[in-house]
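Notes follow the structure.
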Amino acid sequence: AQRVTQPEKLLSVFKGAPVELKCNYSYSGSPELFWYVQYSRQRLQLLLRHISRESIKGFTADLNKGETSFHLKKPFAQEEDSAMYYCALSAQENTPLVFGKGTRLSVIA
Amino acid sequence: GAVVSQHPSRVICKSGTSVKIECRSLDFQATTMFWYRQFPKKSLMLMATSNEGSKATYEQGVEKDKFLINHASLTLSTLTVTSAHPEDSSFYICSAIRDFPDWEQFFGPGTRLTVL
């Protein structure tokens with residue numbers, strides 16, 4: 004079975020501090036991993052996906068198959084990063100995403 | 072990015088009535104759309120996969136006769152909550168898959184359903 008675990012419901016950091024949002028997954032095959040972000044009163048939007056290896060808004064995430072993790076990182080948090088972040092897994096293309104429960108990031112000025 | 076719309080954004084109805092929610096992909100065609108339900112402070116729960124021109128595939132525990140899904144065109148899927156009850160009150164979110172250039176899911180803004 005596919006499962007995504009985000010252990011932190013809430014993460015508060017000061018502006019300028021590093022951020023790491025944890026995500027672990029359970030899947031026997033080779034999944035595709037994603038991070039989605041939901042800003043206040045806005046829809047879910049894709050932040051990044053592991054196959055593209057891009058850095059979006061200063062965020063990066065590396066897929067660690069040994070640890071089955073896909074933690075989201077940013078070296079210097081900004082106030083505008085405050086949002087709900089969801090880690091998600093897809094077994095293959097065109098299949099529904101399995102979401103973690105989300106982590107609310109609060110960046111304090 | 073591509074745009075997915077939902078209508079209505081918010082609906083209040085009486086218990087026992089039916090409510091239809093529309094999900095549209097505005098600038099791409101989507102053979103596959105998904106319907107999710109989100110409870111307060113919870114993650115998204117997949118309800119069903121909507122396939123254009125064929126029957127929807129429902130997740131375990133989701134009543135197909137209660138949550139009717141119709142994907143009549145490549146840009147429109149509808150979710151009808153039949154004989155709504157207060158426990159159906161929730162936030163319903165759809166997503167649509169765009170296949171080109173890379174496959175990606177785009178989410179609608181969600182519909183807040185309140186059943187009195």
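Listed in order, the protein sequences are those of chains L and V.
Under our numbering, the letters of the first sequence match residues 4 to 112, in that order.
Under our numbering, the letters of the second sequence match residues 72 to 187, in that order.
All C-beta atoms in this analysis are idealised placements derived from N, C-alpha and C, irrespective of residue type, glycine included.
* To do: Measuring only between beta-carbons, confirm whether Pro180/V sits less than 8 Å from chain L.
  => Here residue 180/V is taken as the residue at index 109 of the second sequence, counted from 1. True, the Cβ-Cβ gap to chain L drops below 8 Å.
* Quick one: grab the DSSP three-state call for Glu83/L. => Stepping through the first sequence from its first residue, residue 83/L is reached at position 80. Three-state DSSP puts Glu83/L in a helix.
* **Integer-rounded CB distance, given that Thr106/L should sit under 8 Å from Glu11/L** => Residue 11/L sits at position 8 when you count from the first residue of the first sequence. Residue 106/L sits at position 103 when you count from the first residue of the first sequence. Contact holds; Cβ gap of about 5 Å.
* **Rounded straight-line distance, which links the Cα of Met104/V to that of Ile168/V** => Your numbering for residue 168/V matches position 97 in the second sequence. Your numbering for residue 104/V matches position 33 in the second sequence. Taking the straight line joining both Cα atoms gives about 6 Å.
* Comparing the C-beta of Ser114/V with each C-beta of chain L, is any distance below 8 Å? -> If you number the second sequence from 1, residue 114/V lands on position 43. Judged by the 8 Å Cβ criterion, Ser114/V is in contact with chain L.
* Asked: Are three or more beta carbon pairs between the region 137–155 of chain V and the region 77–91 of chain L nearer than 8 Å?
  -> no
* Asked: Anyone know if the C-beta pair for Ala94/L and Tyr42/L falls short of 8 Å?
  -> In the first sequence, residue 94/L corresponds to position 91, counting from 1. In the first sequence, residue 42/L corresponds to position 39, counting from 1. No. Outside cutoff.
* Residues of the region 92–112 of chain L with Cβ closer than 7 Å to any Cβ of chain V, in chain order -> Glu96, Asn97, Pro99, Leu100, Phe102, Gly103, Lys104 and Gly105
* Start-to-end residues for the beta strand (DSSP E) that takes in Ser121/V -> Taking the first residue of the second sequence as 1, we reach residue 121/V at position 50. Unbroken beta strand (DSSP E) run through Ser121/V: Leu115 to Asn122.
* To do: Could you check which residue in Glu158/V, Glu93/V, Gly179/V and Asp173/V has the C-alpha nearest to that of Ser86/V?
  => Counted from its first residue, the second sequence places residue 86/V at position 15. Its Cα nearest to that of Ser86/V, the residue Glu158/V stands out among Glu158/V, Glu93/V, Gly179/V and Asp173/V.
* How about Leu2/L and Val40/L: are their beta carbons less than 8 Å apart? -> Coverage of chain L is limited to positions 4 through 112, which leaves residue 2/L absent and any answer about it impossible.
* Asked: DSSP state of Glu134/V, grouped into three classes?
  -> Looking up residue 134/V in the second sequence gives position 63. In the three-state reduction of the DSSP assignment, Glu134/V falls in the coil class.
* Neighbour-count burial assignment, Asp84/L, 16 or more Cβ in a 10 Å radius -> Residue numbering aside, residue 84/L sits at position 81 when the first sequence is read from its first letter. The residue in question, Asp84/L, is buried, as its Cβ has 16 or more Cβ neighbours within 10 Å.
* State the CB to CB distance for the pair Phe37/L and Arg56/L, rounded to an integer number of angstroms; the pair is presumed to be in contact (CB under 8 Å). => Taking the first residue of the first sequence as position 1, residue 37/L is located at position 34. Taking the first residue of the first sequence as position 1, residue 56/L is located at position 53. That belief does not hold up - the Cβ atoms of Phe37/L and Arg56/L are roughly 13 Å apart, past 8 Å.
* Complete runs of the beta strand (DSSP E) confined to the region 16–61 of chain L [at least 3 residues] -> Here the runs fully enclosed are 22–24, 27–29, 35–41 and 48–52.
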